[in-house]
Structure formats: C-alpha cells, structure tokens
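Report on one structure; see the data block that follows.
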Amino acid sequence: WGPPLQSTQGPLLVPGPQFDNHLVIQMFYVSSLLQLLWNYKLNLTTDPKFESVAVEVCKGTISEIKECASEELGKGYLVSCLVDHRGNISDYQCNQYITKMTSIVFSDYRLICGFMDKCREDINTLRCGSISTGEKDIHSQGEVIACLEKGLVREAEEQPGAHPIKDDCKKSIMRVAELSSDDFHLDRYLYFACREDRERFCENTLAGEGRVYKCLFNHKFEDAMSERCREALTTRQKLIAQDYKVSYSLAKACKSDLRKYRCSADSNMPRAREARLSYLLLCLESAVHRGRVVSGECQGEMMDYRRMLMEDFSLSPEIVLHCRSEIEGHCSGLHRKGRTLHCLMRVGRGDMGAIDPNCQRALQTLIQEADPGADYRIDRALNEACESVIQTACKHIRNGDPMILSCLMEHLYTEKMVEDCEHRLLELQYFIARDWKLDPILYKKCQGDAARLCHTHGWNETSEMMPPGAIFSCLYRHAYRSVEQGRRLSRDCKVEVQRILHQRALDVKLDPELQRRCMTDLGKWCSEKTEAGQELECLQDHLEDLVSDCREVVGNLTELESERLSCRAPAYTLGQTDTVCLFDIQIEALLMRACEPVIQTHCHEVADNQIDTGDLMDCLVLNKHQKEMNEKCAVGVTHFQLIQIKDFRFSYKFKTACKEDVLKLCPNIKKKVDVVICLSTTVRNDTLQDAKEQRVSVKCRKQLRVEEVEMSEDIRLEPELYDSCKQDIKGLCQNVAFGNAQVIECLKENKRQLTQRCHQRIFKLQEVEMVDPELDYQLMRVCKHMIRRFCTESEGKNVLQCLKQNKNSELMDPKCKQMITKRQITQNTDYRLNPVLRKACKADIPKFCQPILNKATPDSELEGQVISCLKLKYADQRLSPDCEDQIRVILQESALDYRLDPQLQIHCTQEISRLCPEEAAAQEQTGQVEECLKVNLLKIKQEGCKKEVLNMLKESKADIFVDPVLHTACALDIKHQCAAIPPGKGRQMSCLMEALQDKRVRLQPECKKRLQDRIDMWSYAAKVAPAEGFSDLAMQVMTSPSKNYILTVIGAGVGLLFVMGLLCGRFTKRVTQELKDR
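This is the structure we're talking about:
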C-alpha cells in the first residue's frame, strides 16, 4: 500500500489449486515463517500484478471513483486508493477483495502506505517500538499505532509531558482509525485486548459496520470487562470525540444529514472544529431543535454517543484539562457510569467548594453537547438514580419524553422522590438552568420570541459576552408586560417561562441571576437555611436588609409569584383573558402539595374554574384554620401574606385593582400596609363627610376590603402594631398562636397591663373595628353562622349592632353571645368605641360631660366616665331623644350584666368578691350581681362602690326597664295595670307606685315585695346620696330630721352678717356726687 519496495524474496507460492493464497496467509502465523509471510504481504501491497487483479475485479468501481481512476498504474497506489474509498464500493466482488487486502495491511503499521515515513520521528520520540523491518511479534504491531493514538489523546488533553505530534502523522493516525472503524479486527491492539471480552459480551454480534465496537462500548463499565480492553475502548472513544468519522456507524448514518444541514466543512485537518464529535452533535441537535427532519437512524447514533459522553468524563479533553484539580480533590475514584461528571456538577453547584471558571465552562459545554434535557436516559447516573421515581410518579409520560425531567422536578421534595434521584436531578438542572436552550420544550416554544425580543443566535451558537441565564431573564422581563407596553411573549412561551420559574423556586441555585446577585446576602442571612425553598423565603423575609441588586431581583420574583398565585386556571390551560395561568398555587411547589387537602375540600370550585382569574390564595386564607389545613400549608400561606405586606406590588390582585388609585392618592408609598391604611383612610373620610363621589374606585374598594380582612387575621400582618406590642406579646401572650387573631384578642383581654405604646395601638385598632366590625376577625369568625342567621340584610358596619339586638335570642350560639358581650364591655369603656352612641349624643356629651373630656387623652379609654355621666342625665331626663334611646339600651344591658358597667367594675370589684361571689360566678348574668349589691347597700364599705350603687338606684327610678329584677317580678302587673302607659321617663314606674298605694289594687306578691324594697332603697339613697345641685341640697335640708337646727344656723349666719355691716361701716371709699354723676 505504497510505492514499490525492493525485496529479495520472491512471491510465496502455495501448492495445490484448492487453496486460496489469502486464506493461507490468514491461517498460518508460525514463528519460523513470520518474516517470510511479512515479505509476502508487503509484495501483495506493492506488486503491479495485484494492481491488474484489482483493475479487473474493481473495473466498474474504479471508473466511479475519480480519485482512483487518476492514479498511475505500476506503483501500487491503486490498491491504497481503493482501501481509502472502500466505504463507497458497492460492487460485492470488489468489496470482498479490498476487505481481504485491508486485513493484510492493518496487521502491521509498516505495511500502511507512508505511515512509517510520516510517523517515524513521533514513534521514536514517544518510544512506541521498533520501526525496523526485522522479525517482530505480530501482537505488538498494533501496539505501535495504539501508542501513537494515546500520544495524540495526551496532547489533546494537554497532559503533563505530552509530546506534540506532527500534523502529517496526526492525519495518518486518524485516517488509520477511520479506516478500521467498520471492523474491530482491523484495530489490532483493540482486537487482541478485547478478544475474550468480545466472546463474553458480544458473542452473537456480527463483525462489520462497527457493530462489535458499539457492543463493546455499551459494556465498557461492566464489572466483568477487562481493564486492558476498557482502556483500549476508551482510547477509541477519545479518537471518535476528535473525529466523528472514526465511528463508522455514526458517519454512515448521519452522512446525508450532515451534508443537508451543512455540518461538514472542507478541511484538510481531521482535528478541525467541524470534524469533532461535539460539532456534529451540536449542529444536528440544532437542526432537530429548529424542527428540521433528521433521520431516525442518525438520531439513534447521536443518542448513543451523547450517552457515551455523559458516562465517561475522560472522553471530553476540556473536562480532563480544566477540571483536573476538582477531579483529584473531590471526585477521585468515581470514574464509572457518569458519577465523576455528576460529582463535578455538584462541585459546580457550590455544594463542595469553589470551582474553576474554565472547568465550569467545560461542564456547561459538555451538557450542551450531550443535551440530556432532551432525553433523561442520556444521563446514565440520573437514569439509574431516578428509575423508581419515574416508574411511579411519571409513568403516564412516554419513555424518553423531555417532560420526564419536568415531571421529576414537580415531584422534588415529595414522598415519591428518593434522595439519590433528588441530588442527581438538581446537579443536572443547575446547568440546564444556565442555558435556556438546554430545556427543549422552552426552546421550542420560545425560540421565535427569543430571536424577536432578545436577539439570540442559533442553538449551537454561543456568545461569550452573554452571561448565564441572560436570555431567560430577557424572556421573563417580557412575560408580564401589559398591552400598552407592547412586545410581549406569545402565550405558549409565557406558559413555559412560568413553568421554569415554578421549578427554580425550589432551589436558589437554579436561578443564575438570583444566585449571582444575592451570593453575599445568602451567606449573610441564610447560611443556615438548607431545606427546600428556605433560601428564597429567607431572602424574602430579609427583603429590607438586602443589597439593592439582590433586593431588586427578589422583589421581581415575589411580584411574579403573587401574579401566579392569582391564577385559578389549570396547568397549560388558556382562559379567555390575556393572563396565562398555571394551576399550581405557588411558584414554590411545596406549598401546593401541602395545601392539597384544603384545596380539594374547600377550594376545588375555585381551582377548577378555568375562566375566572380570581385568587386561589384568598380561598386558602379564608380557610386557613379549617381542620384540613395542616401546619405546612398554614405556615406557607402566612409566609406569603407576610411577604406581601413588604410591597403592595407583591399582592397581584391588589396591585391590579388599585394601581391607579395608589398613584393618585398615595404616591411614593411602597409598603402594602401603608398603602392599605392610606386608601382605607380616604374611603373612611369620604364616607364620614358624605362625599358626593368616593375618590377610591369601586374595584379598588372591593379588593381593599379583602386585604383589610386578611390583615386582621394575624398581628404580624400589621407591622406597626406588631412592633409596638412585641414586648407585651412575649410577656402576656407567649403561648398564644398568631393565627385566627388570637394574639390580638389576648392583648385586648389584657389591655390594662399593656405598655403605653401597645395600649395606644390596641385602642386605635378597636376604634377602627367598632366603626367597621367586618375587620374584627374574631367576632366575624366566632359569629359567622349567627350573622348568616340574624344579619343577612344588615350592612357590614351594622353587623355588631344587629348581633347585640339578637344577643338574648334562644337561637343565639353561646360562643357568639360571649363574644358579643366582650365587645359590649369594650364599647362601654369609652363612648368613642361606640360609633352609634357617639353619633346620637354628639351634642349631649360636650354639653353635660365637658370636664371629663378635658381630662381625656386621644389614645386611652375614659373607663366609662362619659357613659356614666350620660346615665345620670338620663335619670334627670335631660338628654336629647336620640341620645336617650341609646343610653336606655346601655342601661338595660348593663342592668343585666354588671361587667358592662366599667365604673361599677372598677369601684366594686372587691365588694362583689366579698358580698356576691356566687352571683358573679354564674355562667349567665341576668342582673343577680346588681341586685345583690342593692340588697347589701348598707354593708358596702367603699365609698366609690356605694356611690355607683346609689347611681344604679337613681337610674332604675327613671325607667323600670333598667331594673330587670323588678321588671320581671312586675311584668303581669304592668300588663294589667299600666298597659296604656308608654315606657320611659319613669311613667310605668310611677304607675306601679300608685297601684301599690291604692288599696283597691292587688299586685302580685313578688312585685309588691320588690316595689317595697325599691322604695326603702330610694329612701336610703335619698338620705345618703350627695347633693349634685342647689335643688338637691334644699330637698335634703327640708327632709332632714334636723331641719330646724339647720335653718336656725343658716338664719343666725345671715343675721350676723347684717350686724357686722352696721357696726363696722362700709368697706368702700366715699366719693363726691360729681364723680358719681360723671
């Protein structure tokens, strides 16, 4: 196979016509005849006679192959040319002849045309063996080429001490490898290294067309594979990585596709970029991703070699070169079945220390070449680790579908996920997340948008200036633009962007931009947060503390998160609006899984609604304390609520409904709480001032109500209140849960023990709640069913009033009744907490109770002093009709329950404990305590308490309804004797007194007894009660037993004054008449 060489040996003749000389050569390798046989083989490749045989056997083929037809005969080049083009020989006889010649030539490198001359120097330098034509062991002849191939690989990997091989020799080495690619017998070193392995693993595999190579490749990491064979196979694979033509099956299967999509370029250098396996894979994968048709046979071959690259990192020279220190430091001993590559990925994620940027780039390039995102089976380590998960969680997806990876991500951190699969999946997703093209579904749906909006290159083209994740960030920015902003994503692309974001929230490291901008903050605030989704939650919790770059990206993600939470449409279902929604409740899949029982029980109608774009989170908040709600779901929902209060943009529905109102009425306010306060204050002011037109729009007012109610459920959702009361919560409500407004209720119950700052905030909160009872979360929750029963027609602001009116109904729920009583007690502590009373008595309060108002402070209770003042004026019948009606109601209620009279409670607590403990302990208060105090009036020692009891007696004289015990005892007598007399102003009481004195009228014994008791009490009260005016004083004097004495003393005093005037003269200076007249 080269120019004729002079030989002293003649042609070897084998006697007997029945033997084929070529068969004899293949059968007889006897050491004594080795040199003779070698000389004969050399003659076969150079003898002109064999050229004539070749011309005769391959006549048609030579005429088809122009390169061979132009070869000069007689110099031995023709056979060499035919061997070179044997892949194009279709004639059977010619093919057989050339195949036999090839087997002879490849038995010894010295028989290959020009090989010895081109590689002599490199063979000597690399010490690959003798190049003499003397006797040599036949097995060692293949080792020379194998040695050169290893040298070529070492040079590509830039290993220490690697010798640069001359280009001509490189070309020859690669050409030999290429020509031996169809039949593994032609690779002498590999053939002898793998003979036993071939019999063990590939016994039934026919030789030819690279089938044995492929079979051995597939078993390379089997435990039974010999190390020598594995080494030889690895060298072969490394040559394929440098020149795809070294793989016969790949080159043949993809030949037409390479030409069709211009993936082959004319190049004389076999190691040129276009010859590399990576270039072929990227070029053809690009065509597939663009929707072009690549033959199934070619795609099958590509799949095999992509899997091969993922299995063995050493086949990628860049990985070996740039990741050497990482492999030695972190991944030694993990070289099989893709484990080293996944170990490097784990280092790349930052789980095991820092990684060299060049190694990171090499890993990213390899992932793009292998493209495991398109078919998870390419990644053997992932495939083996996740097989059980795929069989259970993703069995509905066909094998090899790109959606398998998405399915695995959806089940990350669920009970179906196994730990090993979780690790392998996150390691791979880390790199896929850094190149949008590696997610085939995203690329398919968004390549048009990316080219139009983000100016991207082709699939297999990259820009060094483009940072990781830049294209996806661009798509994300355009995903949520309004119609007015223009240049929006297509709906299909938007769905995929949402899917990716949904998956990325599970791990901060899956979001390149977030990780890059927030690296410092993650270390500072979130170093201990290692569980799923905790890092993003941690960054959201510390939003105000983050550096500006990190705060911006976290803010944008949270705003997007809130938008996705507002969607009710199922995954990938397009509604009739512009918003494309996913069914998933949260960008964090964990919340959706945790809340599934609640959604199924209470929110399934909301979740199943494919048209309405309402808020599923509203439903979860509303049902946050149902029995189906588990701790994880409740914590997740509350966390999202807490994040939303940091910026009103984080509440998508609120932002959408109130954006224009905020810009107009509350500019420069960012925090959601402040915005809600600003808008609600505006609404309240407009309502109180009876404005013709509300400044806040209807849609905003509606959503504002939702936000206010949600905030009232947890004190943490009102940061100013929470900060003011932190100390008090720790001291008084330490073991009380935050949810269901329980901490707020606890603070209300311990109001007198609160610090001043907290007390002021609680008073303001109660003032708001009394004006708008719908914001009183505990009242609305406890009395939910009673409101439906009694108050369906009442406006929201009148709910408490309605409940009070129905409080004593037999149908009233005891727990609700107890809650109503609590609110009545609160209202009676200060007239400002009773908006109905405040409005009805707005003229009476300053008229009669101004001294009390002068001592009042804006943020503290008057402890019922104003109401007590109005009660006394009611007894004197001096109030306006509207105010009188309200005070009557208060008197009736407090007469039944002493706790509704704050002044009585303050002054008589000790006396009640001493004189009326049983009455006070009664579960149902029906005026027993008040009656007990009246009966024991003479035993009361404290003057303050005695005064309050006397006031009660005075009030009861004004109206019998104020005295429940007397009213109950005399109900029949009132009906019979006083039916025609209207109640109020003491009229019915006077009627009963007249009936008592009328001997013709017979009252009920109990009524008569109670009336007589009241008369005695009033008589005593009249004696001991202090006079409040001159008329009271005169009346007391006239009724006093010492009346004469008192009058005598007064008269004597007046007389003494006259006498002194007469005796002492005038006190003023006398003046003249003129001065007086002037």
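Numbering (full-length UniProt numbering), first residue to last: 1 to 1078. Here a beta-carbon is modelled for each residue, glycine too, at the ideal position from N, C-alpha and C.
When C-beta atoms of the stretch 775-788 are compared with those of the stretch 709-729, three or more pairs fall below 8 Å, so the two segments count as touching.
In the structure shown, Cys978 adopts coil according to DSSP, grouped into three states.
Pairing Leu679 with Val621, the inter-Cα distance amounts to about 22 Å. In this structure, Lys672 is the residue among Cys725, Asn630, Glu297 and Lys672 with its C-alpha nearest to the C-alpha of Gln703.
No Cβ-Cβ contact shorter than 8 Å links Val965 with Arg1000. For Gly329, the enclosing alpha helix (DSSP H) starts and ends at Arg324 to His330.
Per the Cβ contact rule, the stretch 175-190 is in contact with the stretch 247-265 (3 or more Cβ pairs under 8 Å). Sixteen is the threshold: since fewer than 16 other Cβ atoms of the shown chains lie within 10 Å of the Cβ of Thr857, the residue is exposed. Contact check for Ala971 against Glu1006 fails: the beta carbons are separated by 8 Å or more. In the structure shown, Cys783 adopts coil according to DSSP, grouped into three states. Note that the C-beta distance between Ala241 and Leu148 is not below 8 Å. Distance between Met225 and His219, taken at the CA atoms: about 7 Å. In terms of Cα proximity to Ser325, the closest of Leu344, Leu309, Lys337 and Ala162 is Leu344.
Cβ-Cβ distances below 6 Å link Leu937 to Val949 in the same chain, with the five nearest sequence neighbours on each side left out; the list follows chain order.
Rounded to the nearest angstrom, the Cβ distance from Cys526 to Leu543 is 12 Å, too far for a contact under 8 Å. Burial state of His967 is buried, judged by a 10 Å Cβ sphere holding 16 or more other Cβ atoms. Beta-carbon to beta-carbon, Lys624 and Val637 are separated by about 6 Å, close enough to satisfy the 8 Å threshold. At a Cβ-Cβ threshold of 8 Å, Glu943 and Val929 do not count as neighbours. Gly338 and Ala381 do touch by the CB rule: their CB atoms are close to 4 Å apart, below 8 Å.
Restricted to the UniProt repeat "Cys-rich GLG1" (164-224), the alpha helix (DSSP H) segments that are unbroken, complete and at least 4 residues in length are 167-179, 188-193, 195-201 and 211-218, listed in chain order.
Note on geometry: alpha-carbon atoms of Ile500 and Gln515 lie some 16 Å from one another. When only Cα atoms are considered, Ala193 and Ala177 end up about 16 Å apart.
Shortest Cα-Cα distance from Lys238 to any of Ala275, Arg1014 and Gly350 involves Ala275. Taking 3 residues as the minimum length, the stretch 931-1001 contains no beta strand (DSSP E) run wholly inside it. If you draw a straight line from the Cα of Thr414 to the Cα of Gln368, it is about 29 Å long. Around the beta carbon of Ser406, a 10 Å sphere encloses 16 or more other beta carbons of the protein chains shown; the residue is thus reported as buried. Nearest to Cys202 by alpha-carbon distance, out of Met1017, Lys245 and Phe217, is Phe217. Classified as buried, Lys934 has 16 or more neighbouring CB atoms from the shown chains inside 10 Å of its CB. Assigned with DSSP and collapsed to three states, Leu412 falls in coil, not helix or strand. For Leu879, the secondary structure class from DSSP, reduced to helix, strand or coil, is coil. A distance of 8 Å or more separates the beta carbons of Gln923 and Leu896.
Going by beta carbons, Leu489 and Cys474 fall outside the 8 Å limit.
DSSP, reduced to helix, strand and coil, places Val698 within a helical segment of the structure shown.
Looking only at Leu366, Met409, Arg878 and Gln641, the smallest Cα-Cα distance to His423 is reached by Met409. Excluding the 5 residues flanking it on each side, Cys550 has same chain C-beta neighbours closer than 6 Å at Arg517, Cys518 and Asp521, in chain order.
When the alpha-carbon of Gln753 is set against those of Ile729, Ala370 and Asp661, the nearest one is in Ile729.
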